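Take a look at the structure set out below.
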Amino acid sequence: MAGRRKTKRSRTSSSGVDDHLKNVNDSENFVGPTTNDPEIQRVFKLMEVCARSAGKMTKVEGYCESGLDLWVDLKIDSNPENDLDHSDLPLPIASPQGSSTSVQLSDLGPQPILGSSFDTDERGSDLLVSASPDAHVSKIKISERASDAMEELLSLALAQEPLWQVDKENNTEMLSDVEYMKMVKVRECQSPPTLEVDNSHELEPVLAVSSESSRAVEYFETSPISIIELLMDLEQWSLAFSNIVSKATLVGVLASTGVERHYDGTLQLMTAEFHAPTPLVPTRESSFARYCKKLGSGLWGVVDVSPETLPQFPSRNFRRRPSGCLIEEMPNGCSKVIWVEHVVVDNRLVHHFFQPLVTSGFAFCAKRWVNTLIQHFQWSATVRAPNSPTDRGVIIAQPQRTFFLKFSERMVKRFFMDISASRENKWMPFPVSGADIMISTKSSTDDHGKILGTTTVFSTSVHLPAPSKQVFSLLRDVKFRRQWDIYGRNHRFDERAYISNGDNPENGVSILRAINDETKKLNALYMQESYTASTGSYIVYAPFDYEHAGNKLMKDECTDHITILPSGFSILPDRSIHRDETGGSLLTIAFHVVAESPTDEHEPSNQQGLLMHNIIAKTVMSIKEALGLSI
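The following block contains the structure:
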């Protein structure tokens, strides 16, 4: 099924760059690439200065006709106990200190960033012109920044120690700030003069900021162009990553091929707001350039970088250093992705519950982005599958299954938007002493902007001394629902349908029925989606009127105008990945309800507020009791 991860990892099965690197190790008489493909040769030229790793360097003579010297690091850490499996990373290549060879992105061939055809929309043009007396100079600066960022991304994606420091206990790695600054200084010395002096690094000591860095490697049973298209299409990208991206805007397109599904050289200017699944972690707002480049035969790069040195993009509390991914074409239509996240951020306003998770870099790490990408392609494969039996043995036809999954997709997207700290959610503390509850009241609209009324979200986050996996299993299992669902204490719940999404049977979408214990009649119908991964889990559900929504749902009729008020749970580990499934959990609870007689200030009525406070408090107590925790 397309989109699923490949469990077998082997360097010998790689195409393109990995094949040539293997040849370097396997032959003492290696004299150059085994192909005359000029793109591959250009990639090797670029990689010579991009990977800044230490180790014994061996010079390979006669690499190519140009006489370029190739230096290869033959000290590769192949320790099988290394869970990060560095063998998945291409072997780094670097020039030793004192080498006179200097290769820039320009050596790859003509750069199309500032070609003769600008495809800048009106908003992007207005922004650049209004903020600078010379819009063309601003575009050149952004283009130079994007080219440098692609170089740096390639370096970060391919390098090993000492640039990347491995934490074997938590199965993570992070950049060494000292080694990173050395790499930056080396590149600056090798780069030709630009139109400006980059003072971005000088700003950091003045601000109360810290750097976060991470890297993840994964295989996908989908083509590179599918991944590239997802990343370069704003609507697809923001929808696929709705658990991370609150909102996104395409400011302008500075360069593009103008050909559908051809993104080589495309440069976009974007703004985005990134969030964690809780109101207690401030969102991260950023303006950045996104640049896509074909680096060689079967190798692409997509990089983001904040053009912070331009006056129209002032640095606030967050800035993206070169971040993104390398995408390599693999046999049988598959892809290998190396994802790098590297940011500078001010975390002083993060709630103390989430401080360890956020300041460690885990909350917004590369693995979270990769896990979300895996989930998206698994979801797409489930939608396209001609037949999909549920774990109850029921066959759901494709039209109904497509509707089923897309409806749930809308629900989950709305849930993550509702519980984020986005500016659009005007969170206020609940006016009760000792109640750590946040409330947000808003005008509810359907997907077409039609106002449906006023609704209120009540949310709280609590720390539980129980592993995330245990908490997730309790909350997703319909058999235990009446233990914590205050609304459903007098009801029996069962699953009417369930569609598994991906390899994990716990990840899926279901329709739940609530049967009244006394009357034995159907009282409510719920849509529920559950998902779990190493970087976080969620259970999201929304009630439906059985006659109205339920019949439309099962008959594959349009439900765009049906209101979705999702409630549910977001579950995060209380620190970086627990290898032994120990440690605690950070549970965020959110209930989205119709407001009863809201005040002029859009606050819930006192009666409804006290009712929801009691429901949340009892829900927390019930979950603790079900987990066997002391109250």
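Take the sequence shown: its letter number 237 is residue 230 in this note's numbering, and every next letter is one higher. Where is the CB? At the ideal position from N, CA and C, for every residue including glycine. Computed from a prediction, not measured in an experiment: that's the story for all the values here.
Got a sec? Which residues, its chain only, sit under 8 Å from residue i by beta carbon, not counting five neighbours each side?
| i | result |
| --- | --- |
| Arg208 | Leu149, Ala150, Trp157, Glu166, Ile331, Trp332, Val333, Glu334 and Ala359 |
| Gly91 | At Gly91 the pLDDT is 31, less than 50, meaning the model places this residue with poor confidence; the figure from the coordinates comes in the next sentence. Counting only Cβ-Cβ distances below 8 Å, and skipping sequence neighbours, we find nothing. |
| Ala356 | Ala269, Val274, Phe347, Leu350 and Leu565 |
| Ile609 | Ile430, Phe451, Thr453, Ile582 and Phe584 |
| Thr625 | Here the chain covers residues -6 to 624 and nothing more, so residue 625 does not appear. |
| Pro217 | Gly291, Trp293, Ile320, Glu321, Glu322 and Ser328 |
Between which two residues does the alpha helix (DSSP H) harbouring residue i extend?
| i | result |
| --- | --- |
| Tyr173 | Asp170 to Gln183 |
| Asn599 | Asn599 to Ala619 |
| Met394 | Note on identity: in this sequence residue 394 is Arg, with Met being the wrong assignment. Where Arg394 is concerned, the enclosing alpha helix (DSSP H) stretches over Gln391 to Ile412. |
| Gln229 | Leu227 to Ala233 |
| Trp420 | Neither: Trp420 is in no alpha helix (DSSP H) and is coded neither H nor E. |
| Ala359 | Ala359 to Arg377 |
| Val471 | Val471 -> no alpha helix (DSSP H), and no H or E assigned at all. |
Ignore the nearest five residues each way along the sequence and tell me which others in residue i's own chain have a CB closer than 6 Å to its CB.
| i | result |
| --- | --- |
| Ala142 | Val296, Val298 and Pro315 |
| Phe408 | Val533, Pro559 and Gly561 |
| Met605 | Phe451 |
| Ile616 | Trp477 |
| Glu205 | Val336 and Gly354 |
| Tyr524 | Asn500 and Tyr531 |
| Asn607 | none |
| Asn652 | With the chain running from -6 to 624 in the structure shown, residue 652 is simply not present. |
Along the chain, where does the beta strand (DSSP E) containing residue i start, and where does it finish?
| i | result |
| --- | --- |
| Asp160 | Trp157 to Asp160 |
| Phe584 | Ser578 to Val587 |
| Arg312 | Phe311 to Arg313 |
| His335 | Cys327 to Val338 |
| Val343 | Run containing Val343: none; DSSP gives neither H nor E here. |
| Gln521 | Leu515 to Ala526 |
| Leu319 | Ser316 to Met323 |
| Leu565 | Ser560 to Pro566 |
| Arg489 | His484 to Ser493 |
| Ile504 | Gly501 to Asn509 |
| Ile532 | Gly529 to Phe537 |
| Phe213 | Ser203 to Phe213 |
| Gly294 | Leu292 to Val298 |
Cutting at 7 Å between CB atoms, please list the residues of its own chain near residue i, excluding the five before and the five after it.
| i | result |
| --- | --- |
| Asp593 | Unreliable placement is indicated for Asp593, whose pLDDT of 46 sits below 50; the coordinate value is still reported in the next sentence. Closer than 7 Å at the Cβ level, and outside the excluded window around Asp593, lies no residue. |
| Phe473 | Leu467 and Ala619 |
| Glu211 | Arg(-2), Val330, Val363 and Ile367 |
| Arg475 | Gly481, Arg482, His484 and Phe486 |
| Lys419 | Ser433 |
| Glu115 | Since pLDDT at Glu115 reaches only 44, below the 50 mark, its modelled position is unreliable, and the value read off the structure follows with that caveat. Result list for Glu115: empty, nothing under 7 Å. |
| Thr395 | Val376 |
| Pro626 | The question about residue 626 has no answer here: the residues shown for the chain are numbered -6 through 624. |
| Arg138 | Ala282, Val298 and Pro300 |
| Arg312 | Ser279, Ser299, Glu301, Val336 and Val337 |
| His369 | Ala233 |
Suppose contacts are defined by Cβ-Cβ distances below 8 Å. Is residue i in contact with residue j by that definition?
| i | j | result |
| --- | --- | --- |
| Thr352 | Ser527 | no |
| Asn500 | Thr365 | no |
| Leu342 | Ser454 | no |
| Ser328 | Ile220 | yes |
| Thr612 | Trp477 | yes |
| Leu227 | Ala248 | no |
| Ser415 | Ser239 | yes |
| Gly512 | Ser413 | Correcting the residue identity first, residue 512 is Thr in this sequence and not Gly. Going by C-beta atoms, Thr512 is not nearer than 8 Å to Ser413. |
| Pro458 | Gly621 | no |
| Leu232 | Lys514 | no |
| Ile557 | Ala490 | no |
| Pro392 | Lys134 | no |
| Leu580 | Val464 | yes |
| Gly317 | Leu146 | yes |
Fully enclosed by the region 248 to 288, which beta strand (DSSP E) runs are 3 residues long or longer?
-> 260 to 267
The region 255 to 262 touching the region 280 to 295, judged by at least three CB pairs closer than 8 Å | yes
Examine the Cβ distances between the region 554 to 566 and the region 495 to 511 and report whether three or more of them are shorter than 8 Å.
-> no
Spell out a yes or no on whether the region 401 to 409 and the region 515 to 526 are touching, meaning 3 or more CB-CB pairs, one atom from each, closer than 8 Å.
-> yes
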